[in-house]
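So the sequence shown is residues 1 to 699, counted in UniProt numbering.
All residues carry an ideal CB built from backbone N, CA and C; glycine is no exception.
This structure is a prediction, so every number in the text was calculated from the model and none was measured.
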Amino acid sequence: MAKKINKRIVKAGNLHSNIRREKLISKSKLKKFDINSYGQKDNLSFTGRLSKIDGFRPFSIAALAVLFGFFNSYHQATMFENDRHFSHLSSLEREMTFRTEMGLYYFYYKTLTESQSFLDGLSRIMNDNLTEYPSTINTLERFTLYPEVLLAASYRNIQAAAEFLNVSLKECWQVLRGDDLPPIESCEGIGDPTYFYVTTVFLINGLVGSLIFIFATILSDSLSGGIIATACFFFNHGECTRVQWTPPLRESFGYPLFLLQMMLVSLLLKCQKSSFSHSFIIAIPSLFFMLSWQFAQFALLTQLVVLFGVYILNFTSGSAFKHILQGHMISLLLAVIFLFGNKMLIASFYTSTLLTCYVIVSSEVIFKRLNSPIIIMIMKGLSLMAGCILIKLLLTTILQVEDDAHIWNILKSKFTSYKDFHTMLYTCAAEFDFLPSEAYVELTKTFLLPIGVATVAVVLYLILCKRLNSFELHGYSDVLYNIFQCIAFFIMAALVMRLKLFFTPHLCLLVSLTMSSKFFRFLDTKDMRFYILFGLLGTMSVQGVANIKHQRNIIGEFSNPDLEELISWINATLPEDAVFAGPMPTMANILLSTRRPIVNHPHYENAQLRERTHRVYQIFSRKPVTEVYGTLKTMKVEYVILERSWCFGKRREGCAMVDLWDNEDFENRDKENFCQKIGRNPYPFRKIFRNSLYTVLSL
């Protein structure tokens, strides 16, 4: 027995020594890991990347992703409630919180939920004569309303199920408001259509927290990278998103889809083993992105240009690029169908760039005859520019589209002294101005900007060093794509502050590369990775935690008694077919809460609508009262709403409404403005309502 036991002890000892030997061998292999070997070792399949990250199984990564997503959703919902006290507002007050185009989008959701049947509501929004009276428009073609269609269908189905099960999904009570305001009924729970809407928006945007983590984990091949990127996102939350203040805006639905699409594109570039089936994986989120946000074509345009750059620099194969392009083409074709042949999308630079890129990548054999790699790159670049411009001009001429002209005029105004009425309406708004210096300061305080810039510089240097030894370097295509994409987003944000929602989250993603052992070899040891991770988190959290606390300490309560009085008066006094004109934000509220026809609204991406608004805004010019009256009469306007802040409110120099008119109406520059004249003698108008903020004139 003793001998047997001793043999077993010897065998066990041998086993332990073998294990130690294997560990030492594996450690020595890790130490020999070189950046030059990245991308040449093993190209994993499109679906097999997560299992290779830090030895963690997909379940662990998924669990953390769900946790981060839940926290993001909860954080945004809490801020929204703290700012508005939304749970204690009446239905009318909740609608009034949706100013500008938010009210417009919510109106169609409201129409779908309140119609006798879902199909009846769908018919009403596809044959709408209230939004641009007297014209009848298909709002599904003009506005990206599929999020509202899906939300309304979900709400109706949930309500039907609750009624069938005899379950109540909302709780109502009476709220005493004080200040001589009447008490109101307030309901909370997903049984209330407004509550259901905003709750769903915050749940959808919870995905951004999850996707940032998963995306960064894949990009850096490190769970630590995912954690650091997600921390950056929360520490700089106010610079990453505004969904907590403006839930119905298109970016609330579109950006999570675009983030998913970029992650899938990066994954395809990373594995380099693509097939036509992967085109459909790219096409699905691209399609939903285009159906959710009219700006999608411009965001996707930057992606095409960036990917083309990665392709002509030989950092990705022609086949991988071609499969991505095929995904774009499938989604574009389906989007055009679902948007009923939207001409602005068909004649966009996105379409012309997509077609040109596909022709170039399909003609690779022809370009290779040039022999010189430098000449090939130059010729491909020139072909892209020429093809884009020619196809764009051809499509614009054939379809006679001018809907996107204002966008190029805005860009033109950024670099020249050019300005017109429509351009100034945009550029005078803070969100369309250049990115202010405060934004750079805020990103520097949390160390996101300096760490991000330093990381990108080091990574690009290491890739360049490798490039000197090899012309083709497909293994870095995903990293290079995201760096170039972030640079494109920075240019967009620098020109238009509103677009920083693209740049800041992507900078957070690139910070994850600080945890990537394929670029920083000293991270192979877990102890070193642990120290660096917590060192970075500790440094960033000093200001980052303060930012989160500041967000959560924003306490307010929505109240707009003047607008409420106006809406209540219209509902009680004026006929249901009364036609209104006035400031765009107010028109959205009139349409939403009174269902009265309006002739102008805040959705400014249509040339005819811009011209309508230009004519209506004569009420803020110095033109003769009789001329303004005649213009409005020809538009079949019956009532005009004047807003005191638009007439006399202080704005940035050169940005008062009358200043916009002085820029083009030289003949009347020295005269009184319309509001002043109406204040003394409203004839031929008739003043029928007035409070401290609004005046209603009857024609």
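Nonlocal neighbours in the same chain, by C-beta distance under 7 Å from residue i, ignoring five residues either side
i	result
residue 109	148, 151, 152, 197
residue 348	297, 404
residue 487	none
residue 289	254, 257, 258, 261, 296
residue 413	419, 423, 427
residue 308	357, 384
residue 334	287
Beta-carbon gap between residue i and residue j smaller than 8 Å
i	j	result
residue 669	residue 662	yes
residue 107	residue 548	no
residue 361	residue 321	yes
residue 501	residue 185	no
residue 293	residue 131	no
residue 600	residue 584	yes
residue 85	residue 666	no
residue 485	residue 262	yes
residue 586	residue 643	yes
residue 555	residue 138	no
residue 191	residue 168	yes
residue 93	residue 564	yes
residue 511	residue 232	yes
residue 509	residue 59	no
residue 517	residue 222	yes
residue 183	residue 174	yes
residue 570	residue 594	yes
residue 283	residue 330	yes
residue 580	residue 567	no
residue 503	residue 490	yes
residue 444	residue 436	no
residue 126	residue 112	no
Assumed close pair residue i, residue j - CB separation to whole angstroms, cut-off 8 Å
i	j	result
residue 537	residue 455	So it is not a contact: roughly 15 Å between Cβ atoms.
residue 69	residue 210	3 Å
residue 135	residue 129	7 Å
residue 326	residue 276	7 Å
residue 596	residue 572	Not confirmed; about 13 Å, so no contact.
residue 202	residue 77	4 Å
residue 337	residue 533	So it is not a contact: roughly 47 Å between Cβ atoms.
residue 712	residue 656	Here the chain has residues from 1 to 699 only, and residue 712 is not among them.
residue 367	residue 378	With a Cβ gap of about 10 Å, residue 367 and residue 378 do not count as contacting.
Own chain residues within Cβ distance below 8 Å of residue i, not counting five before or after
i	result
residue 46	With a pLDDT of 49 at residue 46, under the threshold of 50, the predicted position of this residue should be treated as unreliable, though the coordinate-derived value follows. Contacts found: 267, 268, 271, 273, 274, 278, 281.
residue 483	456, 459, 460, 510
residue 14	Summary for residue 14: the model assigns pLDDT 48, below 50, so the residue's position carries little reliability, and this model does not support an answer.
residue 171	187, 188, 189
residue 672	622
Reference residue i; option with closest CA among the options
i	options	result
residue 464	451, 479, 81	479
residue 193	212, 156, 452	156
residue 649	634, 630, 620	620
residue 521	638, 458, 264	458
residue 66	126, 166, 116, 212	212
residue 606	633, 481, 556, 402	402
residue 582	603, 568, 616	616
residue 352	125, 370, 305	305
residue 302	319, 323, 328	328
residue 507	183, 237, 625, 535	237
residue 686	365, 357, 313, 698	698
residue 355	691, 647, 395, 379	395
residue 133	664, 635, 121	635
residue 647	613, 633, 694	694
residue 562	627, 645, 519, 493	645
residue 98	88, 79, 249	249
residue 610	406, 101, 651	406
residue 515	545, 224, 118, 163	224
residue 204	553, 73, 162	73
residue 541	613, 446, 608	446
residue 230	475, 195, 448, 676	448
Sequence-distant residues of its chain with Cβ nearer than 6 Å to residue i (five each side left out)
i	result
residue 623	668
residue 310	316, 477, 480, 481
residue 247	198, 201
residue 681	none
residue 496	432
residue 75	none
- Task: Report the residue ranges of all alpha helix (DSSP H) runs contained in full by the stretch 353 to 427; include only those spanning at least 4 residues, in chain order.
- Result: If we require 4 residues or more, the alpha helix (DSSP H) runs fully inside the stretch 353 to 427 come out as 364 to 368, 373 to 399, 405 to 415, 421 to 427.
Checklist line | Any alpha helix (DSSP H) of 4 or more consecutive residues that is wholly inside the stretch 572 to 631 | finding: Entirely contained in the stretch 572 to 631, the alpha helix (DSSP H) runs reaching 4 residues are, in chain order, 584 to 594, 607 to 616.
message = Please give me, in chain order, every unbroken run of the alpha helix (DSSP H) with length at least 4 that falls completely inside the stretch 192 to 263.
response = For the alpha helix (DSSP H) assignment, the uninterrupted runs of no fewer than 4 residues enclosed by the stretch 192 to 263 are, from N- to C-terminal side, 193 to 220, 223 to 235, 237 to 240.
Q. At what residue ranges does the stretch 108 to 174 contain a whole run of the alpha helix (DSSP H), taking only runs of 4 or more?
A. Within the stretch 108 to 174, the runs of alpha helix (DSSP H) that reach at least 4 residues and sit entirely inside it are, in chain order, 118 to 126, 139 to 142, 146 to 165.
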